[in-house]
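Numbering (our numbering), first residue to last: 1 to 466.
Rendered as structure tokens:
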């Protein structure tokens with residue numbers, strides 16, 4: 001029902017612009033609303049939602065969101081079922097991998113819906129919270145944890161509903177600020193809105209085939225860079241800064257420090273490479289490098305430069321960015337910076353134990369000790385990340401795709417990045433991926449968005465036992 005309400009935005013736009021898509025969105029709205037209404041009439045035998053049920057509900061909600069959000073694409077004659085599901089999953093998981101050909105010839109109503117799915121997906125966790133948790137009471141926390149399978153599921157406030165409202169307030173406020181900023185920088189209102197939807201959600205869908213490069217504006221580049229950078233930061237830190245002026249939280253946060261350090265190191269290396277090789281002057285090299293690194297570290301994936309023509313060192317840096325991700329509690333995908341910090345500290349600790357087998361050493365991030373089960377979870381996460389990547393890439397090559405395209409497509413979709421290399425590069429898309437390959441990447445995007453465990457646990461025999 002909440003999803004059907006969001007369909008009224010493009011529905012009203014289609015009505016005002018006399019678009020032929022009006023009936024497609026009207027049918028989609030009525031079907032989604034009616035289905036939601038009858039589902040809401042069902043009375044469960046028990047409201048006691050345990051971990052198993054929570055995981056299943058979360059996965060089912062994401063898939064159903066994609067099913068119903070694909071209806072406008074099909075009713076308006078844009079996609080078949082497979083492509084509509086792929087585009088919907090890419091939107092809601094803020095991946096930005098697209099199968100849409102001739103973007104600028106596509107109706108603005110469809111582009112608006114496409115951008116809106118990303119904006120809603122960016123705060124998908126709290127959408128689910130606001131929709132379902134009030135009916136579940138204390139048991140709703142299991143549902144919350146099933147969505148936030150990172151290193152912590154910090155509620156921020158005693159009531160989850162309050163947490164959700166606070167995060168939505170920050171999210172909406174930042175969106176309005178950047179819509180206005182882009183408008184002042186020279187974009188029209190429609191483009192400003194859609195690029196803000198894609199930037200703050202770290203999604204990457206653009207109404208232009210050339211992406212941000214279509215505007216040839218340094219001011220727009222820097223505004224979008226800042227927007228992506230903020231989208232990759234833990235939204236709890238935004239809340240503390242806005243409401244409590246708590247700058248000390250920013251200074252003490254080791255994940256934020258690591259996030260900034262990674263961006264600085266990667267951007268510096270790329271700037272040097274592009275400038276030394278004579279690809280761009282120094283000022284342009286700095287702007288393009290900072291944009292490109294943040295674009296990929298935060299898994300936004302805007303089209304900006306044809307990096308396939310860049311020197312190999314710069315391409316390698318971008319590939320490394322695919323493996324980073326934003327901060328925990330941000331709209332960004334990927335493994336997340338905190339996991340990388342724990343991983344490297346744990347690896348360094350193992351080297352120390354080799355030299356001093358009898359030493360009792362504890363892993364710490366800053367002054368905070370990290371429990372052994374957290375370290376085990378991080379090792380397990382990266383092991384499963386490698387397994388999912390490997391299986392996805394092998395399956396794509398079995399369908400006839402070349403190795404570069406297969407590996408980068410798998411890496412991009414599991415990391416929710418968007419563009420890759422080869423035939424899925426920055427100025428290409430996923431339209432030519434075989435139909436079976438699109439379904440493989442569909443579940444790869446979902447696994448990446450739910451940070452693997454929530455989805456993968458459904459495939460274990462123990463999950464289905466009483």
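Cβ atoms here follow ideal geometry from the backbone N, Cα and C, with glycine treated the same way.
Which residues DSSP lists as bridging residue i, in chain order
| i | result |
| --- | --- |
| residue 365 | 368 |
Residue j beta carbon less than 9 Å from that of residue i
| i | j | result |
| --- | --- | --- |
| residue 421 | residue 100 | no |
| residue 85 | residue 67 | yes |
| residue 437 | residue 395 | yes |
| residue 451 | residue 344 | no |
| residue 264 | residue 296 | no |
| residue 328 | residue 338 | yes |
| residue 81 | residue 70 | yes |
| residue 77 | residue 118 | no |
| residue 453 | residue 384 | yes |
Secondary structure of residue i, DSSP reduced to three states
| i | result |
| --- | --- |
| residue 171 | helix |
| residue 156 | Annotation note: pLDDT 49 at residue 156 (below 50); position unreliable, coordinate value reported separately. If DSSP states are grouped into helix, strand and coil, residue 156 belongs with coil. |
| residue 423 | helix |
| residue 78 | coil |
| residue 274 | helix |
| residue 279 | coil |
| residue 13 | helix |
| residue 430 | coil |
| residue 138 | With a pLDDT of 49 at residue 138, under the threshold of 50, the modelled position of that residue is not reliable, and no figure is offered here. |
| residue 268 | helix |
| residue 165 | helix |
| residue 7 | coil |
| residue 18 | coil |
| residue 205 | coil |
| residue 48 | coil |
| residue 285 | helix |
| residue 211 | helix |
| residue 102 | coil |
| residue 184 | helix |
| residue 292 | helix |
| residue 408 | helix |
| residue 96 | coil |
| residue 329 | coil |
For residue i, the first and last residue of its enclosing alpha helix (DSSP H)
| i | result |
| --- | --- |
| residue 83 | 81-92 |
| residue 29 | 22-41 |
| residue 118 | 108-122 |
| residue 437 | 435-449 |
| residue 250 | 247-252 |
| residue 55 | 51-69 |
| residue 415 | Run containing residue 415: none; DSSP gives neither H nor E here. |
| residue 228 | 218-231 |
| residue 402 | Unbroken run through residue 402: none, as it is neither H nor E. |
| residue 236 | 235-244 |
| residue 454 | 453-456 |
| residue 192 | 189-200 |
Residue i CB to nearest heavy atom of the ligand PLP below 8 Å
| i | result |
| --- | --- |
| residue 459 | With respect to small molecules bound, the structure shown includes none, and the ligand PLP cannot be examined in it. |
Task: beta strand (DSSP E) runs contained entirely in the stretch 296-327, provided each spans 3 or more residues - done: You should have found no qualifying run.
- [ ] Could I get the ranges of all uninterrupted alpha helix (DSSP H) runs contained in the stretch 335-395, with 4 residues as the minimum, in chain order?
- [x] The stretch 335-395 contains these whole alpha helix (DSSP H) runs: 337-355.
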